[in-house]
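Structure first, commentary second.
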Amino acid sequence: MRSKEKNKTRIDIYERITNLIVGQLEKMVRPWVQPWRVAMPGLSG
Numbered sequence: 001m002r003s004k005e006k007n008k009t010r011i012d013i014y015e016r017i018t019n020l021i022v023g024q025l026e027k028m029v030r031p032w033v034q035p036w037r038v039a040m041p042g043l044s045g
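Oh and the sequence shown: position 14 is 14 in the UniProt record's numbering, straight run, nothing missing.
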């Protein structure tokens with residue numbers, strides 16, 4: 001793979017993730033917040 005093609009692929013990955021996060025924010029979803037509750041922090045079940 002040529003350097004320019006590799007850089008284009010890398011940029012596309014960053015752009016794809018950025019678009020995903022922006023889309024979730026527009027839907028009022030905070031993608032960095034876990035959607036579940038932990039019964040007792042520190043214990044795994």
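Note that beta-carbon positions come from the ideal geometry of N, C-alpha and C, so glycine has one too.
Could you round the C-beta distance between residue i and residue j to whole angstroms and report it? I think they count as a contact, below 8 angstroms.
{"i": "Ile17", "j": "Pro31", "result": "With a Cβ gap of about 10 angstroms, Ile17 and Pro31 do not count as contacting."}
According to DSSP, is residue i helix, strand or coil?
{"i": "Arg37", "result": "coil"}
{"i": "Val29", "result": "coil"}
Please list, in chain order, all residues of the same chain as residue i whose beta carbon is under 6 angstroms from its beta carbon, the five residues on each side excluded.
{"i": "Gln24", "result": "Pro31"}
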